[in-house]
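**Student:** I'd like to ask some things about the structure below.
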Amino acid sequence: MSQYPAIALIGPGAIGTTVAAALHEAGRTPTLCGRTAHDSLLLRVDNHRIEIPGPILTHPSAVKQHYDLVFVAVKSTQVAEAAPWLAALCSEKTVVCVLQNGVEQRSLFAPYLSAQQILPSVVWFPAQRETGNAVWLRSSPRLTLPDVAESHRVLEALQGTRCEVDVTTDFTQVAWRKLMQNALAGLMVLTGRRAGMFSRIDITGLSLALLQECLAVARAEGAALGDEVPQEILAWFHRAPADLSTSILTDRQADRPLEWDCRNGVIQRRGQAHGIATPISDLIVPLLAAASDGPG
Numbered sequence: 001m002s003q004y005p006a007i008a009l010i011g012p013g014a015i016g017t018t019v020a021a022a023l024h025e026a027g028r029t030p031t032l033c034g035r036t037a038h039d040s041l042l043l044r045v046d047n048h049r050i051e052i053p054g055p056i057l058t059h060p061s062a063v064k065q066h067y068d069l070v071f072v073a074v075k076s077t078q079v080a081e082a083a084p085w086l087a088a089l090c091s092e093k094t095v096v097c098v099l100q101n102g103v104e105q106r107s108l109f110a111p112y113l114s115a116q117q118i119l120p121s122v123v124w125f126p127a128q129r130e131t132g133n134a135v136w137l138r139s140s141p142r143l144t145l146p147d148v149a150e151s152h153r154v155l156e157a158l159q160g161t162r163c164e165v166d167v168t169t170d171f172t173q174v175a176w177r178k179l180m181q182n183a184l185a186g187l188m189v190l191t192g193r194r195a196g197m198f199s200r201i202d203i204t205g206l207s208l209a210l211l212q213e214c215l216a217v218a219r220a221e222g223a224a225l226g227d228e229v230p231q232e233i234l235a236w237f238h239r240a241p242a243d244l245s246t247s248i249l250t251d252r253q254a255d256r257p258l259e260w261d262c263r264n265g266v267i268q269r270r271g272q273a274h275g276i277a278t279p280i281s282d283l284i285v286p287l288l289a290a291a292s293d294g295p296g
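Numbering follows UniProt numbering, with no gaps: position 176 of the sequence shown is 176.
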């Protein structure tokens, strides 16, 4: 292997474009793979623009080599569509870092990769698609990875870039805390409103009740999260810019399939498995599913 791994990226949306820009700035431009052809990608951040050169490959047959590291930044609803790319880009030695919401990344990718290849992550930055190939990054990008050998390849790739990487020995705790944040953002879909709505007293009460429900499930799944976590997550939403959106709201506004199951359905499913009542999830999950999948 050269000083830095050979890198490809599947899914150059908001998160994928951010990671690609961080790599490109450091002279490690990845091979870009996606559904839509663009000559380049554009990231707007800190009052300037970073252009990531393409082209974006749009068919796996265009891939001519295997890569040391593949970032996958597709939605959980698009994993099967990404499978042909994985077959083309990966050897048995490739590490696949999944930049995706949820706590079930390993099981989602298990049909296509060996267990040793799959590296889950937690993404900690808001990036919003603007128009065409442009993305707006609204805070410093950071990833959290589990403390496993495969994480060193990502650390090597992103060393010295604008994308910070943390490694934790308690990945379960971190992943479930982020899932609680994502689950709460599901309320934005049902109202059609951005983060400013959380300042309402009634939404604050509903939010805390949902987060308490999520906390009970997270603890049953082995996440060591304290009683203060629901209030901390809600406080983050209160501090967020009123116009801050989320990927699931953006997808709803564009009438695309929603990641309702990996963000909210999982709370209901895991709650049932542990015998934990989830009355709020029992209400909002069918509404999110209908908003995603119809009919009507």
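Note that CB positions come from ideal geometry on N, CA and C, so glycine has one too.
#1: What does the alpha-carbon distance come out to for the pair residue 289 and residue 256?
#2: So within the region 171 to 254, which uninterrupted alpha helix (DSSP H) runs reach at least 4 residues, ignoring any that extend past its ends?
#3: Identify, in the order they occur along the chain, each residue of the same chain with its Cβ nearer than 6 Å to the Cβ of residue 224, setting aside the five sequence neighbours on each side.
#4: Could you say which of 83, 226 and 193 lies nearest to residue 252 if we only look at CA atoms?
#5: Within a Cβ cutoff of 6 Å, which residues of the same chain sit near residue 158, ignoring the five residues on either side of it in sequence?
#6: Compute the Euclidean distance between the alpha carbons of residue 4 and residue 201, then round it to the nearest angstrom.
#7: For residue 14, tell me which candidate among 68, 269, 247 and 293 has the shortest Cα-Cα distance.
#8: What is the DSSP secondary structure of residue 24, counted as helix, strand or coil?
#9: Among the residues of its own chain, which have a CB less than 8 Å from the CB of residue 234, if the five just before and after it don't count?
#10: Looking only at DSSP bridge pairs, what is residue 144 linked to?
#11: Which first and last residues belong to the beta strand (DSSP E) in which residue 50 is found?
#12: So residue 128 is in the beta strand (DSSP E); what residue range does that whole segment cover?
#13: Which word fits residue 291, buried or exposed, when buried means at least 16 other C-beta atoms lie within 10 angstroms of its C-beta?
#14: Where does the unbroken alpha helix (DSSP H) through residue 284 begin, and where does it stop?
#15: Give every residue of the same chain whose Cβ lies closer than 7 Å to the Cβ of residue 241, excluding the five residues on either side of it in the sequence, and list them in chain order.
**Tutor:** In brief:
#1: Straight across, the Cα-Cα distance linking residue 289 with residue 256 is about 12 Å.
#2: Listed in chain order, the complete alpha helix (DSSP H) runs (minimum 4 residues) inside the region 171 to 254 are 171 to 191, 201 to 220, 229 to 239 and 247 to 253.
#3: Cβ within range, chain order: 173.
#4: The shortest C-alpha separation from residue 252 is found at 193.
#5: Cβ within range, chain order: 165.
#6: Distance between the alpha carbons of residue 4 and residue 201: 50 Å.
#7: Looking at the Cα atoms, 247 is the closest of the given residues.
#8: Three-state result, residue 24: helix.
#9: Only 184, 198, 204, 207, 208 and 211 meet the Cβ criterion.
#10: BP columns for residue 144 point to 122 and 166.
#11: 48 to 53 is the extent of the beta strand (DSSP E) around residue 50.
#12: Here the beta strand (DSSP E) through residue 128 covers 127 to 129.
#13: Its Cβ being crowded by 16 or more others within 10 Å, residue 291 is buried.
#14: 279 to 293 is the extent of the alpha helix (DSSP H) around residue 284.
#15: Closer than 7 Å at the Cβ level, and outside the excluded window around residue 241, lie 195.
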